[in-house]
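> Each residue of the sequence shown is one higher than the last, beginning at 0 in numbering that gives the first Met the number 0. Handing you this structure, nothing more for now.
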Amino acid sequence: MSAELLNKGGGGAARAAAPDLVGGPTDRQTWSLLARSRDLSKAGKFLDSPDSYGVVLTGQRGIGKSGLARAVVSSLGPKVHSLQLRNTVANGQTPYGCLGFLLARLPSEAVSSPTGILHAVTSLIRQEAAGRDTVLIVDNAGGMDPMSTGVLLNLMATGTAKVVATVQRASDLPADFHRLVLEGELGEVHLNTLSEEQTKQVLGSVLGHYVSSTLVGSLHAAVGGNPMLLHALLEEQRQTGNLVLNDSVWTLRDRIKLEGATVVEDFVRSKLARETQASRTVVEILACAQRATLVDLAGIFGTEVLVEMEDSGLLTVERGDDHWVSLRDPYVGEVVHSWLSTRRRRELRLMLHGPKEPELQGLAAQDLLSYAAWMHSCEDEPMPSPAHALAAGRAALDNYDPNFAIQCTLSLDPKDEEWVPGQRLKAAAYLMLDLPLHAAQALDEVSESHLAALDPVEFAEVTAAKCQAMTWIDGRAGMVPGVISDGLETLGAMAGNYPPETVAKAYNRLHLCSYEYNTYMGEYASIIDQLEEELAKDPQVDREHWLRSAFFLVEARCILGRELEAQELARTVSRHLGDTDRPAQLEEAFAKHAFLVLLLSGQWRQCIELMRRTPSRSSRLQYRGALTELGIGLAYAYAGKPASAIEPLRSAVAQLELRPAMNMNKVAYAATAFAYAQVGNSVEAGRYLDLYRTCRGEGTYFSESVADFCAEMAGRWMGDPDVKQRLLARVRDDVEKQRVTTAGICLFGATVEGTDEEYRLLEDIAGRRQGPLARISGNLARGALNRSSRSLLEAADAAAALDLLVVEARCVAMALDFARDAGETTAARTAQLRLERLEHSVSALPIQPRSDAPVLTERERQIAKLAGKGVSNREIAMDIGVSVRTVEGHLYQVFTKLGVSSRGELNGLL
């Protein structure tokens with residue numbers, strides 16, 4: 000079933016088109032089996048049960064019922080004789096329609112009466128079964144004629160055959176079959192659409208290689224988990240070149256578009272062919288509007304039409320105050336929308352909204368976007384008003400659709416008062432597209448005359464937007480402080496002409512811009528006092544400013560060694576986020592800072608949880624999916640779990656190469672090299688390090704710090720002798736700027752083979768930090784300086800509590816050496832056995848014990864455990880199938896290695 004695996008060697012920017020997929024309708028039906036083992040098992044149990052006549056498989060069209068039916072029968076093997084009966088519209092009106100092929104084989108005298116047919120069919124089936132059990136697969140059982148129904152009921156009642164029937168709903172079955180389901184004599188297995196995790200499982204099985212979250216989420220959202228449509232749409236993406244294999248990861252070049260997707264269009268066309276004209280018009284309206292109130296639609300079409308559509312699964316109705324109605328399957332709306340002519344769209348708009356433009360106040364973002372898209376698609380319609388266009392553009396950007404946001408701004412005229420905010424919006428959209436030069440150009444179009452006419456707040460917003468764009472343009476970041484200073488001076492000149500609260504809000508915006516720039520540069524010490532003052536202010540005065548200032552304070556506290564205070568503030572800020580007008584935008588900004596705190600505090604599990612909580616709608620995945628996977632991979636890499644890190648990191652690399660974001664390619668390459676180095680794959684680690692070194696451009700201090708650390712640690716695992724000095728140089732720079740958290744992490748990596756001077760510095764830095772990582776560093780430093788196995792084992796315990804197994808292994812290995820040197824037999828035995836256990840959990844030990852302490856073999860460990868429990872040598876020999884002399888020899892080695900003299904001591908150690 001899997002496609003041919005391409006590009007086995009991997010490689011940055013190595014891209015290939017997708018292979019041909021299995022394309023027949025039969026194969027489409029079997030796709031869902033890749034994720035339906037539980038349904039398969041349940042259906043098989045109904046067939047095996049002596050109290051059951053069989054099983055009915057229910058679910059919407061294209062869900063994979065027929066494929067599962069055949070798989071259930073196939074799983075029973077050759078002991079079963081099977082026949083497939085198909086019901087169509089035509090034979091559903093013909094007596095014995097689905098049994099026609101059997102009747103054709105009966106003698107003429109047998110078909111003269113219903114009773115004769117019943118007995119003859121029973122006899123024929125038994126004869127062909129030759130003593131085997133018989134199972135009848137009945138497709139579309141709801142279309143079965145009464146005479147066929149009677150024959151099948153007799154076959155079940157006489158024990159001649161069992162049935163596997165497929166139907167959309169159990170209530171669609173013939174009445175007698177439905178009664179058997181209700182009474183439990185005929186089992187039912189309802190097939191739901193695939194979950195996102197099942198979609199990933201199917202795609203991984205079919206395509207091979209890694210599958211990016213963007214591909215999985217986008218395809219799943221596009222077809223609602225329908226496996227037949229999933230197959231069809233994946234094939235469409237392959238044919239158009241949108242599905243690509245990049246660095247051995249399947250991902251998408253661009254958004255999925257259903258227009259022109261032939262199989263999907265055919266599916267929708269056949270689905271609507273059975274509906275009334277009124278129902279089809281409702282679908283057309285919702286294809287354009289996306290949603291409408293129940294009152295509005297009922298006023299046009301009546302409630303009966305809507306009730307029937309909801310019952311048939313076309314519509315869904317929210318149970319809120321407005322009772323919003325929308326299409327249950329969004330792909331239906333997208334396909335239908337592509338069929339509509341400009342004239343028809345205009346007719347539908349007039350039918351729902353009338354000739355007037357809807358009131359902007361109270362218009363939800365979703366409705367605003369639908370209205371704007373509706374107007375833009377109607378060539379003979381006027382563009383939305385400037386206010387509507389600007390609001391729609393903002394909604395589009397919040398919905399991660401920067402291209403439509405830009406399109407909305409194109410209808411604005413420089414004479415409109417919305418034009419300058421529109422240019423800011425355009426700049427923000429270009430930044431989302433990772434086009435900072437375009438963003439700067441959009442803002443440069445704002446003339447001096449425009450700037451002179453702005454109020455203080457809008458002027459501050461334009462200045463801040465310029466600074467954001469300049470920050471990401473090579474060579475211009477250093478100009479940002481001057482722009483901010485000029486902006487503050489201009490605000491001072493404007494202050495006397497505007498209310499104090501307006502001027503204060505404008506100043507807040509430029510102060511926030513300054514905090515953002517200093518955070519970008521890593522100059523936390525210069526802004527920490529101002530940020531603490533911002534936190535002390537009343538959040539109700541300017542809530543968004545207070546929140547964003549708190550975001551930067553969370554990061555500053557963490558980097559400057561106040562990790563526990565940073566975590567506490569992050570929890571406080573999180574509680575305030577729900578009270579904002581634009582929670583989605585602020586929550587994403589907050590997540591970036593919260594991730595930093597958790598990562599640098601060793602809370603890697605919470606990092607992953609935070610990333611997985613991030614909204615996964617397909618529009619967001621296109622622009623932020625790579626960063627989500629990068630965050631997950633980074634957390635695993637920092638935790639010393641490289642095997643778990645490689646897949647999300649490779650996926651992030653593949654997506655970032657196609658759609659760069661904030662110079663994060665550098666982080667992705669370095670982290671992937673780090674992960675491969677930890678598993679001992681120096682070839683792949685070296686390849687990703689080479690890609691890392693070719694990256695241009697600068698990122699934030701944090702991203703650059705992470706990238707450099709990962710690259711250096713990859714080099715350390717690969718034996719680069721110069722890594723230590725480079726890390727120490729970073730430590731000195733961080734300490735000079737009071738960044739003790741990142742300094743401590745770098746120094747921890749640099750002191751794998753440390754000197755006393757370096758350990759004293761590590762202890763000093765640990766004393767200026769908070770949290771469990773500081774305790775680990777401090778205990779390790781003291782243990783190394785004092786040659787104390789106790790301090791090192793305490794550090795190992797703290798690392799184990801965070802599930803940082805590589806750090807734990809380092810501490811234990813050092814403890815083992817010092818315990819042996821000091822003759823501490825018990826501590827040495829404890830450390831050695833603990834190190835043995837860790838060897839089975841980590842890819843490679845970060846350091847080997849200097850004393851080369853002997854390690855128990857698997858056989859020695861097995862025998863030692865039994866001996867420690869009081870089992871005699873003879874019983875051990877019989878239990879594991881060796882001689883008593885062999886057991887005695889192994890125990891001699893165990894006693895020698897562990898330094899024990901009796902079996903009783905083994906129990907406590909093992």
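Using N, Cα and C, we set each Cβ at its ideal position, and we do this for glycine too. Small disclaimer: the values here were computed from a predicted structure and weren't measured.
(1) For H544, which residues from the same chain have a beta carbon less than 7 Å from its beta carbon, with the 5 sequence-adjacent residues on both sides left out?
(2) Under 9 Å between the Cβ atoms of R819 and A812?
(3) Would you mind stating whether Y691 and A676 have Cβ atoms separated by less than 9 Å?
(4) Does the region 624-631 touch the region 196-212, meaning 3 or more C-beta pairs lie closer than 8 Å?
(5) Note the first and the last residue of the continuous alpha helix (DSSP H) segment covering T148.
(6) How long is the line joining the alpha carbons of T856 and A795, rounded to whole angstroms?
(7) Relative to the C-alpha of P354, which residue among E533, S325, A765 and M374 is closest?
(8) For N402, which option in A372, R345, I645 and L181 has the closest C-alpha, if you only look at C-alpha atoms?
(9) Taking E187 as part of the beta strand (DSSP E), name the residues at either end of that continuous run.
(10) State buried or exposed for Q724, treating a residue as buried only when at least 16 other CB atoms are found within 10 Å of its CB.
(11) How far does the alpha helix (DSSP H) with N872 in it reach, from first residue to last?
(12) For the region 254-269 and the region 228-235, state whether three or more C-beta atom pairs, one from each stretch, are separated by less than 8 Å.
(13) Closer than 7 Å by C-beta to Q566: which residues in its own chain qualify, once you throw out the five before and the five after it? Chain order, please.
(14) Just curious, the beta strand (DSSP E) that G53 is in, first and last residue?
(15) Under 8 Å: does the beta carbon of G319 sit that close to some heavy atom of the ligand NAD?
(16) Go to S446, then tell me how far its alpha helix (DSSP H) extends in each direction, as first and last residue.
(17) Where does E417 land, buried or exposed, given buried means 16+ other C-beta within 10 angstroms?
(18) By the 10 Å Cβ neighbour count, where 16 or more other Cβ atoms means buried, how is G23 classified, buried or exposed?
(19) Let me know the secondary structure DSSP gives W418 once reduced to three states.
(20) Between the region 111-122 and the region 64-80, are three or more C-beta pairs nearer than 8 Å?
(21) Would you call the region 770-786 in contact with the region 731-747, where contact means no fewer than 3 C-beta pairs closer than 8 Å?
(22) For K161, write down the residues that DSSP places opposite it in a beta bridge.
(23) With a cut-off of 8 Å on the beta carbons, I'd call A706 and V666 a contact; round off their distance for me.
(24) Taking S325 as part of the beta strand (DSSP E), name the residues at either end of that continuous run.
(25) Does the distance from the C-beta atom of L75 to that of G43 stay below 9 Å?
(26) Just the Cα atoms here: how many angstroms apart are A821 and V886?
(27) Looking only at its own chain, which residues have a Cβ that is under 8 Å from the Cβ of Y95, when we skip the five neighbours before and after it?
(28) Between the region 709-727 and the region 523-535, do three or more beta carbon pairs fall short of 8 Å?
(29) Locate the alpha helix (DSSP H) running through R789, then write down its first and last residues.
(30) Tell me the DSSP bridge mates of T121?
(31) Helix, strand or coil for H839 per DSSP?
(32) Which whole-angstrom value describes the C-beta separation of Q167 and G61, a residue pair presumed to lie in contact below a C-beta threshold of 8 Å?
(33) Please state whether DSSP places L82 in a helix, a strand or coil.
(34) Which residue or residues does DSSP assign as beta-bridge partners of W603?
(35) So which of S788, L509, R884 and E823 has the shortest CA-CA distance to E807?
(36) I need the straight-line Cα distance from A220 to R570, nearest angstrom please.
By the coordinates alone:
(1) N507 and L511
(2) no
(3) no
(4) yes
(5) P145 to A156
(6) 24 Å
(7) M374
(8) A372
(9) G186 to H189
(10) exposed
(11) N872 to I879
(12) yes
(13) V596 and S600
(14) G53 to T57
(15) In the structure shown, the ligand NAD is absent, as is every other ligand, since no ligand is present at all.
(16) Careful: S446 lies outside any alpha helix (DSSP H) and carries neither H nor E.
(17) buried
(18) Any answer about G23 is weak, because its pLDDT of 43 lies below 50 and its placement is not dependable; what the coordinates show is given next. That one is exposed.
(19) helix
(20) no
(21) yes
(22) V134
(23) 5 Å
(24) W323 to L326
(25) yes
(26) 32 Å
(27) L102, I116, D144, M146, S147 and V150
(28) no
(29) S788 to A800
(30) DSSP lists no partner for T121.
(31) coil
(32) So it is not a contact: roughly 10 Å between Cβ atoms.
(33) strand
(34) Looking at the DSSP assignment, W603 forms no beta bridge with any residue, so it has no partner.
(35) S788
(36) 32 Å
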